[in-house]
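Heads up: the sequence lines are chains W and D, in that order. If you read the first sequence in the numbering used here, its first letter stands for residue 4, the second for the next number, and so on. If you read the second sequence in the numbering used here, its first letter stands for residue 4, the second for the next number, and so on. Built from N, CA and C at the ideal position, the CB exists for glycine as well. Owing to the predicted nature of the structure, the values given are computational and were not obtained by experimental measurement. Working notes for the structure below.
There are 2 protein chains.
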Amino acid sequence: MDFTVHHKCSRYRARVAEIGTRRGAFETPVFMPVGTQGSVKSLTPEELKEVGVRILLANTYHLYLRPGHKVIEKLGGLHAFMKWDGPILTDSGGYQVFSLSQLRTVSDEGVLFRSHLDGSRHFIGPKDAMAIQEALGGDIIMTFDECVPYPADYEYVKQSVKRTTRWARICLESKSKKGQTLFGIVQGGMYRDLREQSALDLVDMEFEGYALGGLSVGEGRETRNRVIRETIGLLPEKKPVYLMGVGMPEDIIDAVSLGVDMFDCVLPTRNARNGTLFTGAGRMSIRNARYLDDDRPIDEACGCYTCSRFSRAYLRHLYMARELLSYRLNSIHNIYYYMRLMERIRCAIKEDKLKEFRDAFLASQRNGLEHSLEEH
Amino acid sequence: MDFTVHHKCSRYRARVAEIGTRRGAFETPVFMPVGTQGSVKSLTPEELKEVGVRILLANTYHLYLRPGHKVIEKLGGLHAFMKWDGPILTDSGGYQVFSLSQLRTVSDEGVLFRSHLDGSRHFIGPKDAMAIQEALGGDIIMTFDECVPYPADYEYVKQSVKRTTRWARICLESKSKKGQTLFGIVQGGMYRDLREQSALDLVDMEFEGYALGGLSVGEGRETRNRVIRETIGLLPEKKPVYLMGVGMPEDIIDAVSLGVDMFDCVLPTRNARNGTLFTGAGRMSIRNARYLDDDRPIDEACGCYTCSRFSRAYLRHLYMARELLSYRLNSIHNIYYYMRLMERIRCAIKEDKLKEFRDAFLASQRNGLEHSLEEH
Chain W
4 MDFTVHHKCS
14 RYRARVAEIG
24 TRRGAFETPV
34 FMPVGTQGSV
44 KSLTPEELKE
54 VGVRILLANT
64 YHLYLRPGHK
74 VIEKLGGLHA
84 FMKWDGPILT
94 DSGGYQVFSL
104 SQLRTVSDEG
114 VLFRSHLDGS
124 RHFIGPKDAM
134 AIQEALGGDI
144 IMTFDECVPY
154 PADYEYVKQS
164 VKRTTRWARI
174 CLESKSKKGQ
184 TLFGIVQGGM
194 YRDLREQSAL
204 DLVDMEFEGY
214 ALGGLSVGEG
224 RETRNRVIRE
234 TIGLLPEKKP
244 VYLMGVGMPE
254 DIIDAVSLGV
264 DMFDCVLPTR
274 NARNGTLFTG
284 AGRMSIRNAR
294 YLDDDRPIDE
304 ACGCYTCSRF
314 SRAYLRHLYM
324 ARELLSYRLN
334 SIHNIYYYMR
344 LMERIRCAIK
354 EDKLKEFRDA
364 FLASQRNGLE
374 HSLEEH
Chain D
4 MDFTVHHKCS
14 RYRARVAEIG
24 TRRGAFETPV
34 FMPVGTQGSV
44 KSLTPEELKE
54 VGVRILLANT
64 YHLYLRPGHK
74 VIEKLGGLHA
84 FMKWDGPILT
94 DSGGYQVFSL
104 SQLRTVSDEG
114 VLFRSHLDGS
124 RHFIGPKDAM
134 AIQEALGGDI
144 IMTFDECVPY
154 PADYEYVKQS
164 VKRTTRWARI
174 CLESKSKKGQ
184 TLFGIVQGGM
194 YRDLREQSAL
204 DLVDMEFEGY
214 ALGGLSVGEG
224 RETRNRVIRE
234 TIGLLPEKKP
244 VYLMGVGMPE
254 DIIDAVSLGV
264 DMFDCVLPTR
274 NARNGTLFTG
284 AGRMSIRNAR
294 YLDDDRPIDE
304 ACGCYTCSRF
314 SRAYLRHLYM
324 ARELLSYRLN
334 SIHNIYYYMR
344 LMERIRCAIK
354 EDKLKEFRDA
364 FLASQRNGLE
374 HSLEEH
């Protein structure tokens, strides 16, 4: 993997870079839509390309349980299975093992857990996480980490960071395939010294990229931004930084300013399925009765397929009628919105106008949020 | 509307014709996918065009209840609302009023019923059915008819036929818009003389097309084919015949042989959502474990988007994981299958080889059905 910084912000740590993978290059800051089970819900690979998606995230935990990584490997890997020929990042399964599975027991070797699907017993340790990710064949893969709850006791997090470091080393040592790029995941809860410890441990191992895990768990914006700022300062500038599971457009802009290059979140697709749409003026709840006979598109300024064809009235009708097309058209719009947002962010960095962009964006969002409140 | 017969079968009553509407022409025998609530479930208008759909059916009852025909009229009619610029046929609402609504009371004036959505009270009579269909703006519209249950008492059906005839006359008289073509619906249960009475009554009124209603309600293949045969013999040869709600590929081939020109059915889309796929060798249940790692397409001979891209293994995975993309890819395949089936039927009529086609088709289906049984 290549990582080349092309533009730096004069005021913030923000930058525009290019990441080159064996399956093509993309510019950062980048947003990765989530294809949890080998599908970005309701959309085809062609549609993802069309709205500007360059890299997807897929969840190791889900694909390990169903249909199984061996099945996917036999079928030529995840790219062939889901017919997405661009880059894929797979997470390590750590996050889902800790958030979704039942009756889990953590030891220094890994995690024993029961499947959230059928209660079956499974064990995943760092070597297994690597073997599964190698079978899936993602272009960027992640170390196996322990995600501690929030808030968490200092002593527990301290032990957990040691475990995460140990697991990261095992992942690095057991990685057997070329062409896959391994990122290390910094943990440490909200404790400055533990984040520092975790970051230094991982930097020592010289990963090709670094992720910030264990954030967006309820800690609040100030705390999150503090942790991001403190941690990024310890990571090598010439490596990409990936903030896992974040998030809202405003959170992404904050994090970009702090130096983050990569993002993923289920928000655009999950919101789409809940009828919440992103617009230049803030969020819109398409189920609102005011849209019953509104023949305007979601956002007059949006160039997506949905906005170029369908009215709010039709989209509201599809949503109220629980039509499958609703989830699709809403997802196309929201992902397009995120892709355009990242493009505008990159543009602002290139022009060294990130502050101006951020101020204008937050002002438009404030209007939008008031607008949303009024709606309900 | 123009109806021009181009080819006639020498052995059967089957024919290939062209129906010209204000929104374009299409060849018959034709199959109309069902866009119940203004959407063929999960698909865009572009996808429908791409798989060869030329005319859609939409349900008056559903659109009357939600979002309401007045709303759709205000937004420019159903074509503008759902962005389908080809022909649309709307049913009269009769069938759904009798099959879906609650606590209905039939009188000579119409039907008082409660909405299946919220229990609200509504009344639809023949004039209302016309007003609603004129507001929706379909290109082919239907008279309001009473659908009797099966089996039904002779005396009840006799009275019902009188009512359906009376309503048909009111529909004809209250029709106020040009450009919309009105079809009359023949009822009469399974009683030969009542079907005859109904057919003669309607033929007297000189509708532009005739539908056979009240079939595919559990009467069995032999009875259905007898009723179709007896009724079509009484209808003018130079008008199209539409068999409502039928059906399975083999039923369609039977009906085409008896002289039917138009069909609609939820089967291809409903089966798609249940994981039942049509193939050249019969039906396939994609959830079957045998497809876990099967890298072949649903049907090697199929040229649809789904078959050209995705494996049975991926489609099984999407189905088992309840992914929204599953319903979509399956629907594309099944509608494509139906469009191709109709094309092959038209081709066989043009070559005057319908019997050969029918024999070969039924033989392939018999294999297919055995194959299906073996699967479960």
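Going by DSSP in three states, residue i sits in which element: helix, strand or coil?
i	result
Asp148/D	coil
Ser177/D	helix
Gln99/D	helix
Lys11/W	strand
Glu354/W	coil
Ile348/W	helix
Tyr153/W	coil
Ile135/W	helix
His125/D	strand
Ala17/W	coil
Met323/W	helix
Leu185/W	strand
Pro36/D	coil
Asp142/W	coil
Phe266/W	strand
Phe364/D	helix
Can you give the Cα-Cα distance for residue i and residue j, rounded to whole angstroms?
i	j	result
Glu326/D	Ser13/D	48 Å
Arg8/D	Lys241/D	Just to set this straight, residue 8/D is Val in the shown sequence, not Arg. About 8 Å.
Ser375/D	Arg315/D	Unreliable placement is indicated for Ser375/D, whose pLDDT of 45 sits below 50; the coordinate value is still reported in the next sentence. Computed Cα separation, rounded: 15 Å.
Ile188/W	Ala214/W	5 Å
Glu158/W	Gln190/W	14 Å
Asp298/D	Ser329/W	30 Å
Gly357/D	Ile348/D	For clarity, residue 357/D is Leu in the given sequence; the question names Gly instead. C-alpha separation (whole angstroms): 7 Å.
Phe281/W	Met323/W	18 Å
Ala83/D	Val54/D	21 Å
Arg286/D	Gly306/D	17 Å
Ala284/W	Ala366/W	9 Å
Trp170/D	Ser311/W	42 Å
Leu115/D	Val151/D	16 Å
Gly236/D	Ala292/D	48 Å
Asp148/D	Arg26/D	26 Å
Asp267/W	Pro36/W	6 Å
Glu378/D	Asp296/D	Per-residue confidence for Glu378/D stands at a pLDDT of 40, beneath the threshold of 50, marking its modelled position as unreliable; no derived number is given.
Asp111/W	Val164/W	11 Å
For residue i, verify whether its CB is less than 8 Å away from any heavy atom of the ligand SAH.
i	result
Arg124/D	Absence of the ligand SAH is noted for the structure shown, with no ligands found whatsoever.
Among the options, whose alpha-carbon lies nearest the alpha-carbon of residue i?
i	options	result
Asp257/W	Pro154/W, Phe6/W and Arg16/W	Arg16/W
Met251/W	Asn277/W, Lys178/W and Arg224/W	Arg224/W
Leu318/D	Arg195/D, Ala366/D, Tyr294/D and Asn228/D	Tyr294/D
Ile91/D	Val56/D, Tyr153/D, Gln99/D and Gly122/D	Val56/D
Cys174/W	Ala132/W, Asn277/W and Asp362/W	Ala132/W
Met193/D	Leu203/D, Thr184/D, Glu222/D and Thr167/D	Glu222/D
Ile135/D	Ser179/D, Leu218/D, Leu51/D and Val206/D	Ser179/D
Ile255/D	Arg331/D, Phe34/D and Phe116/D	Phe34/D
Pro32/D	Ile301/D, Val259/D and Lys11/D	Val259/D
Ser334/W	Asn277/W, His320/W and Arg124/W	Asn277/W
Pro239/W	Cys268/W, Met208/W, Arg229/W and Ser219/W	Met208/W
Asn274/W	Gln183/W, His336/W and Cys310/W	His336/W
Glu176/W	Phe210/W, Asn228/W, Tyr339/W and Asp156/W	Phe210/W
Tyr67/W	Ile58/W, Leu59/W and Leu81/W	Leu81/W
Arg18/D	Pro243/D, Ser288/D, Ile289/D and Gln368/D	Pro243/D
Asp121/D	His65/D, Ser163/D, Asn228/D and Ser219/D	His65/D
In terms of residues, what are the limits of the alpha helix (DSSP H) holding residue i?
i	result
Ile301/W	No alpha helix (DSSP H) holds Ile301/W; DSSP gives it neither H nor E.
Val206/W	Arg195 to Asp207
Arg312/W	Tyr308 to Arg312
Would you mind reading off the limits of the beta strand (DSSP E) that contains residue i?
i	result
Tyr213/W	Gly212 to Leu215
Ser288/D	Gly285 to Ser288
Leu280/D	Thr279 to Thr282
Phe29/W	Gly27 to Thr31
In chain C, which residues lie with their C-beta within 7 Å of the C-beta of residue i?
i	result
Asp298/W	Although the question refers to chain C, the structure presented lacks it and instead comprises the protein chains W and D.
Problem - alpha helix (DSSP H) runs wholly inside the stretch 42-117 of chain W, at least 4 long, in chain order - result: 48-53, 63-68, 72-77, 81-85 and 97-102
Practice task
Report the residue ranges of all alpha helix (DSSP H) runs contained in full by the stretch 220-263 of chain W; include only those spanning at least 4 residues, in chain order.
Solution key: Whole alpha helix (DSSP H) segments, 4+ residues: 224-235 and 252-260.
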